[in-house]
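Chemist: Right, I'll just put the structure down here and ask away after.
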Ligand SMILES: [Zn+2]
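Residue numbers (this note's numbering): 100 to 268.
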């Protein structure tokens, strides 16, 4: 729970992986519900998926994506936009209960130059923030440590979702 940093050297594995693969992990997750725990899928709703980012900028970094493989907001329907907006609220609620952050960044990147790791399938980032977290840098994070904490975090968020009837759209 103490991996609260915005400096994320492990993302290089993700960025290198992108050049080797055209697979869309959101569509892959959507199509493999039996692997939800392995893929860190927290919620499935009618038109969306909420997953833990495997390459988090901060502990508790969630991604909200439409189930449809679409690159831009202007391709989304009003129903999708409304559902995803409600999921931002519910995600913040779940993360607040689980991790007690002091604030959040919620945002989107369009195009690789803007930092989109998966520009073909848009997604909303929900990143918990804590006072002073930008000052804390870790150089000894490795993938196993992060995977372990993601597994624990997923269990915690699932438990909290159950107790609080989230996402409850
Ligand atoms: Zn996709």
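Cβ atoms here follow ideal geometry from the backbone N, Cα and C, with glycine treated the same way. Computed from a predicted model, the values in this text were never measured in an experiment.
(1) In or out: residue 302 buried (at least 16 other Cβ within 10 Å) or exposed?
(2) Report buried or exposed for residue 132, applying the criterion of at least 16 other Cβ atoms within 10 angstroms of its Cβ.
(3) Count the other C-beta atoms from every protein chain shown that fall within 10 angstroms of the C-beta of residue 146, then say buried if there are 16 or more, exposed otherwise.
(4) Cα-Cα, which of 259, 148 and 268 is closest to residue 196?
(5) According to the neighbour-count rule (16 or more other Cβ atoms, all chains shown, within 10 Å of its Cβ), is residue 202 buried or exposed?
(6) When DSSP builds the beta bridges, which residues end up paired with residue 164?
(7) From residue 269 to residue 223, what does the alpha carbon distance come to, in whole angstroms?
(8) How would you label residue 129, buried or exposed, when you count the other beta carbons within 10 angstroms and need 16 or more for buried?
(9) Decide if residue 58 is buried, meaning its Cβ has at least 16 other Cβ atoms within 10 Å, or exposed.
(10) Could you tell me the distance, in whole angstroms, from the CA atom of residue 150 to the CA atom of residue 212?
(11) So which of 180, 160, 257 and 178 has the shortest CA-CA distance to residue 225?
(12) So who's on the other strand from residue 224, going by DSSP bridges?
(13) Tell me the DSSP bridge mates of residue 142?
(14) With burial defined as no fewer than 16 other Cβ atoms inside 10 Å of the residue's Cβ, what is the status of residue 209: buried or exposed?
(15) By DSSP, does residue 193 sit in helix, in strand, or in coil?
(16) Could you say which of 182, 228 and 190 lies nearest to residue 263 if we only look at CA atoms?
(17) In three-state DSSP terms, what is residue 268?
(18) Buried or exposed: residue 241, going by 16 or more other Cβ atoms within 10 Å of its Cβ?
Modeler: Checking against the coordinates, here is how it stands:
(1) This structure leaves residue 302 out entirely; the chain is present only between 100 and 268.
(2) exposed
(3) buried
(4) 259
(5) exposed
(6) 148
(7) In the structure as shown, the chain starts at 100 and stops at 268, and residue 269 therefore has no counterpart that could be examined.
(8) buried
(9) Missing from the structure shown is residue 58; the chain here goes from 100 to 268 and no further.
(10) 23 angstroms
(11) 160
(12) 162 and 206
(13) 149
(14) exposed
(15) helix
(16) 190
(17) coil
(18) Note on residue 241: pLDDT 46, under 50, position unreliable in the model; the coordinate value appears next. Classification for residue 241: exposed.
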